[in-house]
Each structure stands twice: as C-alpha cells, then as structure tokens.
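S.K.: FYI, the numbering for the sequence shown is 1 to 296, going by UniProt numbering.
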Amino acid sequence: MDLTDDTIELPTQPDAPETVPVGAGLSIFDPVFLGIDEFGQPVYLPMIYRNILIGGEPGAGKSSLLNTIVGHAALCPDVRLCLLDGKQVELGLWEDACDVFVGPDLHHANRTLRRVQTVMDNRYTFLKSRRRRKIGPNDVFGQILVACDEIAYFSATAGEKKDQELFHALLRDIVARGRAVGIIVAAATQRPSSDIIPTSLRDIFAWRFAGRCTTDVSSDIVLGHGWAARGFSSNTIDPNNQGAGLLIAEGGIPALVKAAYMTDADIIRVADYAAWTRRRAGGLTSSDRPAAKEAA
1 MDLTDDTIEL PTQPDAPETV PVGAGLSIFD PVFLGIDEFG QPVYLPMIYR
51 NILIGGEPGA GKSSLLNTIV GHAALCPDVR LCLLDGKQVE LGLWEDACDV
101 FVGPDLHHAN RTLRRVQTVM DNRYTFLKSR RRRKIGPNDV FGQILVACDE
151 IAYFSATAGE KKDQELFHAL LRDIVARGRA VGIIVAAATQ RPSSDIIPTS
201 LRDIFAWRFA GRCTTDVSSD IVLGHGWAAR GFSSNTIDPN NQGAGLLIAE
251 GGIPALVKAA YMTDADIIRV ADYAAWTRRR AGGLTSSDRP AAKEAA
C-alpha cells in the first residue's frame, strides 16, 4: 500500500436485496380490537362472517370506531378495502391503501355495490361447485371490507329517490348474503331513524354499536326495540364521553364499551404503512390504478 495515498479501497459489497415489507401479521380471521369495557378489560370483535352497524349523534365517536375497524383490515394482507364516504374526510386518509374509494357520488356508490354484488354471486357459484357453504382462510380469494360512513347520505340525501332506494337495496343484499363469502360490511350513521335504518336492515347486522343518541327511540333503532325500556339506552351516556356506547351481538345483552381512538396522525401513519406494504406485496391500490377507479 502506498502510504502517501490516503484513500482506502473497501472490499466490494454485494448489492443489498430489495426491501421486503414486514407486515403486521394480522388477518381478518383474527378478532378486531375495539376498545375496553366498563371494567377496563380489552374488547375484541370477531368480524369474519359478521357485519357491524354503528349509530349515534354527531360527535359520538362513530367515525373513530369505524376507522379502528378499517385500520385492522388495512393491515391484513387477506382483505381488500372498499370505502364509501360522502364527506370524503372521515375515511379519506385510507384512500391510498384501499382498492375503491367512493366520495359524494351516489352513482359511483351504486356501481361499486353492484360490483361487490357480482363478486358475491360469483363466490357463491364457486362454493356451490365445491359443495361448500362458506369460504375459509386458505381460499385463493381474499375477504372484502365494505365500510360506509354515513348511510343517510347515500340512502336519503344525495341523488334521486330511485337511486337512493337502489343503494339501500344493494347494501341490504350485501349485508344479508355477503358474510359466508367473506364480504364484511361496517356501516355508520349519525341519523339513527327508522327511515335510514329500518328493522329489516338493522336485524341482519350481527354487531350493533349505539354511541350516545339524543333519544331512547334512536338508541332502540340501533340496538333493537325494547332495550331502552329495560335500562339499556345510549341516551344516558355522557355527551362528553366520546367513543362510549352500548355494543350488542345477536342474541346478546348490550354492554358498555369505550371504543379505541386514533388521532389523525395515528391514522396517517398506519394508512401510509398499509399502502406501502400492499404496493410492495404486489397489490394494486386506488392510487396505483386511476383507470380502475374511473371504471368503478
């Protein structure tokens, strides 16, 4: 070595391997962490083969709970995300991680639900051909989460009445028939009234969460008729206790639950990570395929 030369040649290093995303190891077949109960114990919801209806007055914490469910699904490589949000901002932070994002466009919402309905019918055809009744975690096709923030916007506010009725019919069909083929619906509304959530729709949601409601009637519309008279009314929840509500399952008794809360910064961090892992894993997100979004 020439001691007058102060440069040092380092041995040649092999090219670093392409970065491989490390997933969260979650599956939609795992229970979703919802929050804590009145005794401070964690509450987990099994969402596969089930749906959830979330209702309550503005500011009750509905969107926060919905974001928690979407966050779990976004971190699951076996789930495709279909998000409908008339306000655009409640679920909008997940847009880069989802496959379809629907804003304040009722026609787009109906076209999207029709596509989900077609997928649902095709999966039932597959099951019938295999003499099976439901899909499992090892099937080649993944699950689908249809998350809708504010049912009332699409079923009672935007567009013409015939299109609103079509949305309601499509949503009801997917809630009623989608569970066995891995299509999960999580829907929220700040207008828990009989015209937005008729009994025929409410009763096919396996899970129902009533955040604070302004009246006992509104609470019963979410939980089921007669619970307020038996002492279970979300009208008694402190309006300053956002995220608290009564959770009921099919055939169960309402239980007081405090839903977990993610700040916008938390959501952005998880959503960006979920979008990155999905892109690196080869999946297409809405931001990767604008043509598919337009066709939706």
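Glycine included, C-beta positions come from ideal geometry on N, C-alpha and C.
Using the three-state DSSP reduction, which class does residue 105 fall into: helix, strand or coil?
M.R.: Looking at residue 105 - three-state DSSP - the assignment turns out to be coil, as it is neither helix nor strand.
S.K.: Can you round the beta-carbon distance between residue 206 and residue 50 to whole angstroms, since I take them to be within the 8 Å contact cut?
M.R.: Confirmed, Cβ separation roughly 4 Å.
S.K.: Which residues bound the alpha helix (DSSP H) around residue 175?
M.R.: First-last of the alpha helix (DSSP H) with residue 175: 161-177.
S.K.: Does the segment 103-122 touch the segment 49-66, meaning 3 or more C-beta pairs lie closer than 8 Å?
M.R.: No, because fewer than three Cβ pairs between the segment 49-66 and the segment 103-122 fall closer than 8 Å, the two stretches do not touch.
S.K.: Could you round the C-beta distance between residue 221 and residue 197 to whole angstroms and report it? I think they count as a contact, below 8 Å.
M.R.: Residue 221 to residue 197, Cβ: 6 Å. Contact.
S.K.: Excluding five sequence neighbours on each side, which residues of the same chain lie with their C-beta closer than 8 Å to the C-beta of residue 156?
M.R.: Result list for residue 156: 164, 191, 195, 196, in chain order.
S.K.: What does the Cβ neighbour count give for residue 210, buried or exposed, with the cut at 16 atoms within 10 Å?
M.R.: It counts as buried.
S.K.: Between the segment 62-75 and the segment 127-137, do at least 3 Cβ pairs fall closer than 8 Å?
M.R.: The segment 62-75 is not in contact with the segment 127-137.
S.K.: Quick check: what's the CA-CA separation for residue 17 versus residue 280?
M.R.: Unreliable placement is indicated for residue 17, whose pLDDT of 45 sits below 50; no coordinate value is reported for it.
S.K.: Is the beta carbon of residue 233 less than 8 Å from the beta carbon of residue 219?
M.R.: In contact: residue 233 and residue 219 (Cβ atoms closer than 8 Å).
S.K.: Do residue 248 and residue 93 have their C-beta atoms within less than 8 Å of each other?
M.R.: Not in contact: residue 248 and residue 93 (Cβ atoms no closer than 8 Å).
S.K.: Going residue by residue through the segment 183-221, where are the continuous beta strand (DSSP E) segments of at least 3 residues, counting only ones entirely within it?
M.R.: The qualifying runs are 183-189, 207-211.
S.K.: Using CA coordinates, which residue listed in 36, 79, 170, 242 is at the minimum distance from residue 257?
M.R.: Selected option, being the one with the closest Cα: 36.
S.K.: According to the neighbour-count rule (16 or more other Cβ atoms, all chains shown, within 10 Å of its Cβ), is residue 153 buried or exposed?
M.R.: When all chains shown are included, residue 153 counts as buried.
S.K.: Quick check: the Cα distance between residue 240 and residue 26, rounded to an integer number of angstroms?
M.R.: Each residue's Cα considered, the two are about 33 Å apart.
S.K.: Excluding five sequence neighbours on each side, which residues of the same chain lie with their C-beta closer than 6 Å to the C-beta of residue 178?
M.R.: Hits under 6 Å: 120.
S.K.: Could you check what DSSP says for residue 44 in three-state terms: helix, strand or coil?
M.R.: Here residue 44 sits in strand by DSSP.
S.K.: Given a cut-off of 8 Å on the beta-carbon distance, is the pair residue 189 and residue 160 in contact?
M.R.: Not in contact: residue 189 and residue 160 (Cβ atoms no closer than 8 Å).
S.K.: Please state whether DSSP places residue 80 in a helix, a strand or coil.
M.R.: Here residue 80 sits in strand by DSSP.
S.K.: Using the Cα positions of residue 215 and residue 223, report the straight-line distance between them to the nearest angstrom.
M.R.: When rounded, the distance between both Cα atoms is 13 Å.
S.K.: What runs of the beta strand (DSSP E), each 3 residues or longer, lie entirely inside the segment 110-164?
M.R.: Counting only runs of 3 or more, we get 143-149.
S.K.: For residue 236, which of 252, 217, 225, 253 has the nearest alpha-carbon?
M.R.: Comparing Cα-Cα distances from residue 236 to each of 252, 217, 225, 253, the minimum goes to 217.
S.K.: Alpha carbon to alpha carbon, how far is residue 78 from residue 104? Give it in angstroms, no decimals.
M.R.: Each residue's Cα considered, the two are about 28 Å apart.
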